[in-house]
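First residue of the sequence shown? That's -17 in our numbering, and the numbers climb one at a time after it.
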Amino acid sequence: MGRMRWVIAWSVLVAAFAGIFFLWYAGGMPLKGRSKGDTVPPREPLAQTPATTEHAGHEGLSTPASDGPPKATGEMAMAPGTVMVSSERQQLIGLKTGVVEYRPIDRTIRTVGVVEFDERRLADVNIKIDGWIENLLVNFTGEPVRKGQPLLTIYSPDLVSTQEEYLQALRAKETLSKSRFADIASGGDTLLNAARRRLQYWDISEEEIATLERTGTPRKALTIYSPIDGVVIEKMAFRGKKVMSGETLYKVADLSTVWVLGDIYEYEVPAVKRGQAAGVTLASYPGEVFYGKVSYIYPVLTEKTRTVKVRFEFPNTKDWKLKPGMYANIELKSALGRRLVVPDEALLDSGTRQLVFIDKGQGTFEPRDVKVGARVEGYAEILAGLAAGERVVTSANFLIDSESQLKTAIGGMGAMPGMEMGKK
């Protein structure tokens, strides 16, 4: 057991002297360029500790012990790992500090999605009567259409016969209305209303019925109109094609508003709210951001990916830059309110602990463990360990940490059984 302690002690000692040599070499004249007659100018150590500490006599770590009386106990009270760095050395290594403060922060959630049609703005154009397509007025996919715009005409023998029945019912009403019997007189109205309803079921407008009554001539073709403003996204109609009732001839989509469907990880879902603002970018338009909002959070989790689908709603541009099928990068921010934060660069994360170095003034820097929350926009939320107004090292803190660990390691060797770090 004693042999093992000696091995550990000598290993730590060798590492310590290697670090001391590095610090000495960085601050003084390189060994390679020295001749025997060269004199080494006095060097100021990177980190200094009070002369009364147990590490006095180690070059680069502390100043030489004075011959005067020892300092008071209050002056020696320092946290383990505390180091001292002169102002000249701070400038040399580029040491900077930042303030611990309260500030409003936002959590940014990023994901990818796909542009989709707004399902509420889709329409099928179909017919309710058998017949043959006579004329195509909108003849290619992608053509923009307006609500009420004629799309095609259909010839239907059933339509012609129904119009003739309506004209007969109209003439019968005029004849039967002259009857002295009320039942017979009202029978004409019944026949006429039945024929009118049949035409209405086939989407014959009141204007067209009025034209039929005025001219007395049945129309051979039925005109089909677009139900919405939009773009033809599918076309199944061809001139001369026989069509059956219920058959879809066009699909029209209103692209003034589109959806973007994205997947949000389950741990991020609580930060997403309906109506929350969001932005998307597209590979087709680099540098351009399109703004919309969260319109719906789906109630089902995808087990394989552990994500929840979220629907975003975006107004489209006049030239329809947001095209269904495009991939989109989605970004949304969730306000976390005012939180105690430090600059992200101040944190030293070893994997098992997180610490910062506090600027205590007069070149003294003290390590302190902290508990970290959200890390957003270059800042880290501090849950415990710091108070507002304190200053922390944000640059060269790795050098300070190395010096602190070296000091702690050398101090630990002096406490090992069989080791003496002081003078003999």
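Idealized CB from N, CA, C, for every residue including glycine. Keep in mind it's a predicted model, so treat the numbers as computed, not measured.
Original post:
Looking at V251 and A310, is the spacing between their C-beta atoms short of 8 Å?
Top reply: Here residue 310 refers to the residue found at position 328 of the sequence shown. Here residue 251 refers to the residue found at position 269 of the sequence shown. Result no, Cβ atoms of A310 and V251 do not sit closer than 8 Å.
**OP:** Closer than 6 Å by C-beta to S316: which residues in its own chain qualify, once you throw out the five before and the five after it? Chain order, please.
**Re:** Along the sequence shown, read from residue 1 onward, the residue named residue 316 stands at position 334. So the qualifying residues of the chain are R89 and A253.
Original post:
What's the call for K301, buried or exposed, on a 16-neighbour Cβ count within 10 Å?
Top reply: Mapped onto the sequence shown, residue 301 falls at position 319. According to the sequence shown, residue 301 is Asp rather than Lys. By the 10 Å Cβ count, D301 comes out exposed.
Original post:
Got a sec, what are the start and stop residues for the alpha helix (DSSP H) I75 sits in?
Top reply: Position 93 of the sequence shown, counted from the first residue, corresponds to residue 75. S69 to I75 is the span of the alpha helix (DSSP H), which, as asked, contains I75.
**OP:** State the DSSP-derived secondary structure class of Q427, mapped to helix, strand or coil.
**Re:** The question about residue 427 has no answer, for the chain in this structure spans -17 to 406.
Original post:
Out of curiosity, what's the CA-to-CA distance linking D331 and G63?
Top reply: Locating residue 331 in the sequence shown gives position 349, where the first residue counts as 1. Locating residue 63 in the sequence shown gives position 81, where the first residue counts as 1. Answer to the nearest angstrom: the Cα atoms are 16 Å apart.
**OP:** Would you check if the distance between the CB atom of A362 and the CB atom of V375 is smaller than 8 Å?
**Re:** Here residue 362 is taken as the residue at index 380 of the sequence shown, counted from 1. Here residue 375 is taken as the residue at index 393 of the sequence shown, counted from 1. Going by C-beta atoms, A362 is not nearer than 8 Å to V375.
Original post:
In or out: P52 buried (at least 16 other Cβ within 10 Å) or exposed?
Top reply: Taking the sequence shown and counting its residues from 1, one reaches residue 52 at position 70. Only weak support is given to the placement of P52: the predicted model assigns it a pLDDT of 44, under 50, and the question is left unresolved by the model.
Original post:
Of all the options Q336, S384 and R256, which has the alpha carbon lying nearest to the alpha carbon of I364?
Top reply: Your numbering for residue 364 matches position 382 in the sequence shown. Per the Cα distances, Q336.
Original post:
Can at least three beta-carbon pairs, one atom from the segment 226 to 235 and one from the segment 98 to 110, be found at a separation below 8 Å?
Top reply: yes
Original post:
Where do the ends of the alpha helix (DSSP H) carrying R196 lie?
Top reply: Within the sequence shown, the letter at position 214 stands for residue 196. Taken as a continuous stretch (DSSP letters only), the alpha helix (DSSP H) holding R196 covers E188 to T197.
Subject >> Coarse secondary structure for K155, derived from DSSP in three states >> reply: As a position in the sequence shown, residue 155 is number 173, starting the count at 1. It is helical.
Original post:
Using a Cβ-Cβ cut-off of 8 Å (strictly less than) and excluding sequence neighbours within five positions of N117, which residues of its own chain qualify?
Top reply: One-based indexing of the sequence shown puts residue 117 at position 135. Excluding positions up to five away in sequence, the list reads L134, T135, A203 and R221.
Original post:
Between I115 and the rest of its own chain, which residues show a CB-CB distance below 7 Å, the 5 nearest in sequence each way excluded?
Top reply: Against the sequence shown, residue 115 aligns to sequence position 133. Here the set comprises L134, I136, A219, F220, R221, G222, K223 and V225.
**OP:** Using the Cα positions of V292 and T93, report the straight-line distance between them to the nearest angstrom.
**Re:** For the purposes of this step, residue 292 is taken as the residue at position 310 of the sequence shown. For the purposes of this step, residue 93 is taken as the residue at position 111 of the sequence shown. C-alpha separation (whole angstroms): 10 Å.
Original post:
In terms of alpha-carbon separation, which member of Q182, S238 and P306 lies closest to G95?
Top reply: Stepping through the sequence shown from its first residue, residue 95 is reached at position 113. Residue P306 is the option with its Cα nearest to G95.
Original post:
Roughly how many angstroms lie between the CA atoms of E295 and D245, to the nearest whole one?
Top reply: Sequence index remark: in the sequence shown, residue 295 carries index 313 (1-based). Sequence index remark: in the sequence shown, residue 245 carries index 263 (1-based). If you take the alpha carbons of E295 and D245, they lie about 14 Å apart.
**OP:** Might you give, ordered along the chain, the residues of its own chain that have their beta carbon closer than 8 Å to the beta carbon of Y278, omitting 5 neighbours on each side?
**Re:** What you label residue 278 is simply residue 296 of the sequence shown in a count that begins at 1. Counting only Cβ-Cβ distances below 8 Å, and skipping sequence neighbours, we find R256, V292 and R293.
**OP:** Whole angstroms is fine: what's the gap from R128's alpha carbon to D326's?
**Re:** Here the question's residue 128 lines up with position 146 in the sequence shown. Here the question's residue 326 lines up with position 344 in the sequence shown. Taking the straight line joining both Cα atoms gives about 55 Å.
Subject >> Same chain, Cβ closer than 6 Å to T21, five either side skipped, listed in chain order >> reply: On the sequence shown, residue 21 is found 39 positions in, with the first residue counted as 1. Confidence in T21 is poor, its pLDDT being 45 and thus under 50, which makes the residue's placement unreliable; the coordinate value appears in the next sentence. So no residue of the chain qualifies.
Original post:
Does the beta-carbon distance from Q150 to S208 come in below 8 Å?
Top reply: Indexing the sequence shown from 1 puts residue 150 at position 168. Indexing the sequence shown from 1 puts residue 208 at position 226. Their beta carbons are not under 8 Å apart, which means Q150 does not touch S208 by this criterion.
**OP:** With distances taken Cα to Cα, identify the nearest neighbour of V338 among K78, Y148 and V234.
**Re:** Taking the first residue of the sequence shown as 1, we reach residue 338 at position 356. Nearest option by C-alpha distance: K78.
Original post:
Straight-line CA distance for L104 to L141?
Top reply: In the sequence shown, counting from the first residue as 1, residue 104 sits at position 122. In the sequence shown, counting from the first residue as 1, residue 141 sits at position 159. Straight-line Cα distance between these residues: approximately 28 Å.
Original post:
V60 to Q72, Cα distance in whole Å?
Top reply: By one-based count along the sequence shown, residue 60 stands at place 78. By one-based count along the sequence shown, residue 72 stands at place 90. Reading off the sequence, residue 60 comes out as Met, not Val. Roughly 20 Å between the two C-alpha positions.
Original post:
Where does the unbroken beta strand (DSSP E) through N311 begin, and where does it stop?
Top reply: Against the sequence shown, residue 311 aligns to sequence position 329. Run containing N311: Y309 to P325, per the beta strand (DSSP E) assignment.
**OP:** Determine which residues share a DSSP beta bridge with E83 and list them.
**Re:** Position 101 of the sequence shown, counted from the first residue, corresponds to residue 83. According to DSSP, which records beta bridges pairwise, E83 is partnered with V323.
**OP:** Work out the CA separation of G345 and P268 for me, nearest whole Å.
**Re:** By one-based count along the sequence shown, residue 268 stands at place 286. By one-based count along the sequence shown, residue 345 stands at place 363. Those two C-alpha atoms are separated by around 48 Å.
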